[in-house]
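As structure tokens, the structure follows; a few thoughts come after it.
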Amino acid sequence: MAKGAKDEPVPGIVLVDKPAGWTSHDVVGRMRRLAGTRKVGHAGTLDPMATGLLVIGIGKATKLLTYVVGHDKTYTATMRLGQTTVTDDAEGDVVDTSDTAGVTQADIAAAITTLTGDIQQVPSAVSAIKIKGERAYKRVRDGEDVEIPPRPVTVHEFAVTRARREGTFIDLDVRVEVSSGTYVRALARDLGAALGVGGHLTALRRLNVGDFEVADAMTLDQLGAVVDAGGEVPRLPLGAAGADILPVRALTDREARTLGFGQQFDDTEDFRWDGPLAGIDPQGELIAIVRQVDGRIKPELVFKPSQA
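Quick note on numbering: the sequence shown equals residues 69 to 376 in this note's numbering.
Take a look at the structure:
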């Protein structure tokens, strides 16, 4: 087990290509065993039926995950028109079936237009959103009728890449790019509703989260093979990960030392950003997450404390 100072696991970000049938928690459990530490977390839950990119943090990198969650995400998916399920995806019981014979390509394109851009979306009733302190999916499983208020999301892209008729149904392969908090299965549900035939999600694969891409990810089997061969779980160092997640505020050695003591300093840079920044020193190490406040650079989260 790779260790850093004070027995801390070597921190870093691991990109995992999640298999179907695994929960995100299952993946975290497997990564804990592979990395030899319980200090493992993930950003952006994927449903068990979904595959694709899951961003994993090890050690201190788990503190970076909160900044990952808010990034836009891209998916490929298959949506079935003509059938509604209780969960809005293929894992739920079918509650209604309709004939799609009268649905045309033009109808589908028009309906997709209404679901593109800035929209109000009602999350699935079986989502993990908390209603009065309890997860919506638990309330549904307990037999309650759950009403979740709509919330604003942005669908940057909603494109059909292939359409085919399967008996009385229409299956659409789509590519969507969405803001954080958007439910793709809710898009399938709402597309079917707009067409008057119902719809649900039958397949989902996440391609990217911000600048992190599934093309750079490894499967659990591949990661396991590395560890079985005597190696360590490959991980992206904090500096490189921070630069992928946030805009960078380059630091001098003196500024890095100041931040390491939890102190702030005057901001002499012309660059301005209304949000968190990755403060990275000349050696490429992530010293702290910082913010520009009233002409000062203030540490929000220190990763590398300075030694007195």
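Note that CB positions come from ideal geometry on N, CA and C, so glycine has one too.
Between the C-alpha atoms of residue 367 and residue 331 there is a straight-line separation of about 7 Å. The bridge partners DSSP lists for residue 286 are 84. The distance from the Cβ of residue 171 to that of residue 263 is about 5 Å, consistent with a contact at the 8 Å cut-off.
For residue 252, the enclosing alpha helix (DSSP H) begins and ends at 252 to 262. The criterion of a C-beta distance shorter than 7 Å is satisfied by residue 144 and residue 273.
Contact annotation: residue 78 and residue 96 have beta-carbon atoms that are not nearer than 7 Å. At the C-beta level, residue 166 and residue 298 stay beyond 7 Å of one another. For residue 99, the uninterrupted alpha helix (DSSP H) run begins and ends at 92 to 103, by DSSP. Comparing alpha carbon positions, the residue from 148, 88, 80 and 118 closest to residue 232 is 148.
Boundaries of the beta strand (DSSP E) harbouring residue 108: 108 to 111, taken from the DSSP string. By the neighbour-count definition (other C-beta atoms within 10 Å, threshold 16), residue 234 is an exposed residue.
Proximity to residue 375 across 343, 342, 329 and 351 peaks at 329, based on C-alpha coordinates. Contact fails between the segment 219 to 233 and the segment 115 to 129, because fewer than three Cβ pairs, one in each stretch, are under 8 Å apart. Per the coordinates, the alpha-carbon of residue 249 lies some 24 Å from the alpha-carbon of residue 126. The count of Cβ pairs closer than 8 Å, one atom from the segment 282 to 289 and one from the segment 251 to 263, stays below three, leaving the stretches out of contact. For residue 242, same chain residues with a beta-carbon under 8 Å away, outside a window of 5 residues either side, are 144, 145, 146, 147, 226, 227, 228 and 229 in chain order. Rounded to the nearest whole angstrom, the C-alpha separation of residue 99 and residue 178 is 44 Å. Counting of Cβ neighbours within 10 angstroms places residue 371 among the buried residues, the total reaching 16 or more. Going by beta carbons, residue 356 and residue 314 fall outside the 7 Å limit. Nearest neighbour of residue 255 by Cα position, chosen from 187, 83, 133 and 316, turns out to be 187. Separation of residue 350 and residue 304 (C-alpha to C-alpha, rounded to the nearest whole angstrom) is 18 Å. Cβ contact annotation for residue 184 (same chain, cutoff 7 Å, sequence separation greater than five): 223 and 226, in chain order.
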